[in-house]
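Quick notes on the structure that follows.
Numbering (my numbering), first residue to last: 5 to 222.
What follows is the structure in structure tokens.
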């Protein structure tokens, strides 16, 4: 009996549906938030999406390896790149340098404590853990997965309506995705993301990631 092979159209359909899902989530999601311009919707969408993503992949997340070496590498790299970013902020925007710790230390401490918990985890779940697991069939090589993660992570920050946020998050997203591809630890990805995010808010660049300034300017 001759085996029946699915037609090319039937073989391509699941891939097309998965691609449509990917574009709707990572392309349509930020555009919807930007169109509505409601901080509550942004926060709720981020967390609801991350929880659904976690529930869908929680039993299939890879086991990280060589964690201690990766932690050392993260801090060494942060010492170098973080210092360079700090010097850059000082020379490019001296009037805003260390704005929060100097003028609003209480608010700065709140950000340092809550940013890793409330913002970093859902972003890393969606743009690293879920994207790498759910869309592996679309991005079959490490390079493609890393670029897909970096590009979508940067695109998510179009909601802040400035190119600096997009450029920084593309660079950061590339770094976080490259490291996640290697160690596959969401905790390590959150640690690395938290270090750079907290630094940005400390050295006066947090204003580029503030929806209030972008959505209600003028």
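Glycine included, every Cβ here is placed at the ideal spot set by N, Cα and C.
It should be emphasised that the depicted structure is a prediction, and the values quoted were computed from it without experimental measurement.
Rounded to whole angstroms, the Cβ separation of residue 184 and residue 148 is 14 Å, and the two are not in contact under 8 Å. Put simply, the segment 183–200 touches the segment 129–146. At least three CB pairs are less than 8 Å apart. Contact annotation, residue 208 with residue 100: C-beta distance approximately 4 Å; criterion of less than 8 Å satisfied.
According to the DSSP assignment, residue 44 belongs to the alpha helix (DSSP H) that extends over 43–61. The beta carbon of residue 64 is closer than 8 Å to those of 137 in its chain, skipping five residues each way along the sequence. Apart from sequence neighbours up to five positions away, the residues of its chain that approach residue 219 with a beta-carbon distance below 7 Å are 41, ordered along the chain. Excluding its 5 nearest sequence neighbours in each direction, residue 169 has C-beta neighbours in its own chain below 7 Å: 161, 212, 213, listed in chain order. For residue 72, the number of other beta carbons within 10 angstroms of its own is below 16, and it is reported as exposed. Residue burial is scored here from C-beta neighbours: residue 79 has fewer than 16 other C-beta atoms within 10 angstroms and is therefore classed as exposed. For residue 109, the enclosing alpha helix (DSSP H) covers residues 109–119. A check of alpha carbon separations from residue 163 across 38, 109, 19 identifies 38 as the nearest. Rounded to whole angstroms, the gap between the alpha carbons of residue 195 and residue 92 is 23 Å. At the C-beta level, residue 181 and residue 150 come within 9 Å of one another. If you draw a straight line from the Cα of residue 47 to the Cα of residue 174, it comes to about 21 Å. It is roughly 22 Å from the alpha-carbon of residue 119 to the alpha-carbon of residue 76. Short of 8 Å from the beta carbon of residue 115, and not among the five residues preceding or following it, lie these beta carbons of its own chain, in chain order: 104, 202, 205, 210.
Of all alpha-carbon atoms in 16, 22, 26, 21, the one lying nearest the alpha-carbon of residue 156 is that of 26.
Distance from the CA atom of residue 59 to the CA atom of residue 135, rounded to whole angstroms, is 14 Å. The beta-carbon distance between residue 33 and residue 49, rounded to whole angstroms, is 7 Å. This is short enough to meet the 8 Å contact definition. If you ignore the 5 residues before and after residue 90, its C-beta comes within less than 6 Å of the C-beta of 207, all in its own chain and listed in chain order. Counting along the chain, residue 170 sits inside the alpha helix (DSSP H) bounded by residues 167–187. Short of 8 Å from the beta carbon of residue 109, and not among the five residues preceding or following it, lies no beta carbon of its own chain.
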